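Worksheet: one structure, shown below.
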Amino acid sequence: GIECQGGSRMCCRQEFFVDFREIGWHDWIIQPEGYTMNFCTGQCPLPVAGMPGIAASFHTAVLSLLKANSAAGPAGGGSCCVPTARRPLSLLYYDRDSNIVKADIPDMVVEACGCS
Amino acid sequence: ISRADSQCLACGGPALDLESQRELLLDLAKRSILDKLHLSQRPTLSRPVSRAVLRNALQCLHGPPQGALLETDRTQEYEIISFAETGLSNINQTRLDFHFSPERTAGGMEIQQASLMFFVQLLPNTTWTLKVRVLVLDPQDTNLTLITQHLLEVDASGWHQLFLGPEAQDACNQGHLILELVPEGQVAQKSVILDGAAHRPFMTAQVRVGSKHQVHRR
Chain A
49 GIECQGGSRM CCRQEFFVDF REIGWHDWII QPEGYTMNFC TGQCPLPVAG
99 MPGIAASFHT AVLSLLKANS AAGPAGGGSC CVPTARRPLS LLYYDRDSNI
149 VKADIPDMVV EACGCS
Chain B
46 ISRADSQCLA CGGPALDLES QRELLLDLAK RSILDKLHLS QRPTLSRPVS
96 RAVLRNALQC LHGPPQGALL ETDRTQEYEI ISFAETGLSN INQTRLDFHF
146 SPERTAGGME IQQASLMFFV QLLPNTTWTL KVRVLVLDPQ DTNLTLITQH
196 LLEVDASGWH QLFLGPEAQD ACNQGHLILE LVPEGQVAQK SVILDGAAHR
246 PFMTAQVRVG SKHQVHRR
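As given, the protein sequences belong to chains A and B, one line each in that order.
Quick note: the first sequence uses the working numbering, first residue 49, plus one each step.
Quick note: the second sequence uses the working numbering, first residue 46, plus one each step.
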């Protein structure tokens, strides 16, 4: 995956931190104080959509190429910038009965992005 | 608020200004967390828990070992700590009421394991036999029904743990569990079960999302 830097228009991972205090959720979420959600943004032009490295997977790269060859496709080559790897988030929070709940939630942090 | 002078990198439409984009992302984050926790809205705290109680309880939580990664296909698991209400207690009997949110129990959550943690203060060199009665409230006639009971030998002051059987887990699944702790055979001057700020009895439960929540990808 590629980290978004400067003016790059390529599919990349944009870092984004959610601060629970900023959104007023620090009273019921005990830990952590926030988390790096991140998101994917950027274009997947034809040459890149076909590259396995930046594609979501080898199969996606092949499908993208087939699609691109058989259809004119929008300017972006008909391929989107999506998460290719994600990580769980552990949360400790109060429920409405003031019970403390510890939950491990899968797929909450975007680790890497690619074209699909 | 779209900015006419620039284009969204992902979809080619007009780009949002940074502040609007940030608002949108924070809103998405809120919705994602509530969805994954099966909550329709953020909980509002009715009974705050003291830091001392929180600290004691957290030491009992059993999380995955540090650094262990969750396999992506594992069902979502929870650990819950529920603090007891001890309203209807007296010297000879301590009654503990535990409440679980209906939306959590109705959503097909399965309590895998539950244990009671309580603090006992005894005089030196004394041993007490404690009867722990597990009761459920009959919704029709609001009577209490005894479903099982445990006998416990307690011979030292401090925190004690009692693993609760499937009957108690069923009661938790129904949203309300009642336990009565009754010292046997000795006349107490004062309750041996403490429930002050730092010694409030609590329950820990390991919960798994039940089959209703399973989405099978074909």
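Virtual Cβ for every residue (Gly too), placed ideally from N, Cα, C.
The structure presented is a predicted model; accordingly, all values stated were derived computationally and were not measured.
- DSSP, reduced to helix, strand and coil, places residue 187 of chain B outside both helices and strands of the structure shown, so it counts as coil.
- Listed in chain order, the non-local C-beta contacts of residue 251 of chain B below 6 angstroms within the same chain comprise 124, 157, 158, local neighbours out to five positions each way being set aside.
- Straight through space, the alpha carbons of residue 176 of chain B and residue 129 of chain B are spaced by roughly 17 angstroms.
- Excluding sequence positions up to five before and after residue 174 of chain B, its CB lies within less than 8 angstroms of the CB of 196, 197, 198, 199, 228, 229, 230, all in the same chain and listed in chain order.
- Going by beta carbons, residue 224 of chain B and residue 165 of chain B fall outside the 9 angstroms limit.
- Setting aside the 5 residues that flank it on each side, residue 182 of chain B is surrounded in the same chain by 189, 221, 223, each with a C-beta closer than 7 angstroms to its C-beta; the list follows chain order.
- Contact annotation: the segment 234-245 of chain B touches the segment 92-101 of chain B, with at least three C-beta pairs closer than 8 angstroms.
- In this structure, residue 90 of chain B and residue 246 of chain B do not form a Cβ contact; the two beta carbons are roughly 20 angstroms apart against a cut-off of 8 angstroms.
- DSSP, reduced to helix, strand and coil, places residue 75 of chain B within a helical segment of the structure shown.
- According to the DSSP assignment, residue 81 of chain A belongs to no alpha helix (DSSP H), since it is labelled neither H nor E.
- Within the same chain, and ignoring the five residues on either side of residue 133 of chain B in sequence, the residues whose Cβ sits closer than 6 angstroms to its Cβ are 140.
- When C-alpha distances from residue 82 of chain B are compared across A:150, A:160, A:89, A:161, the shortest belongs to A:150.
- Excluding sequence positions up to five before and after residue 73 of chain A, its CB lies less than 8 angstroms from no other CB in the same chain.
- Contact check for residue 89 of chain A against residue 60 of chain A passes: the beta carbons are separated by less than 9 angstroms.
- The beta carbons of residue 131 of chain A and residue 110 of chain A sit about 20 angstroms from each other, so the pair does not count as a contact at 8 angstroms.
- Rounded to the nearest angstrom, the Cβ distance from residue 128 of chain A to residue 92 of chain A is 6 angstroms, consistent with a contact under 8 angstroms.
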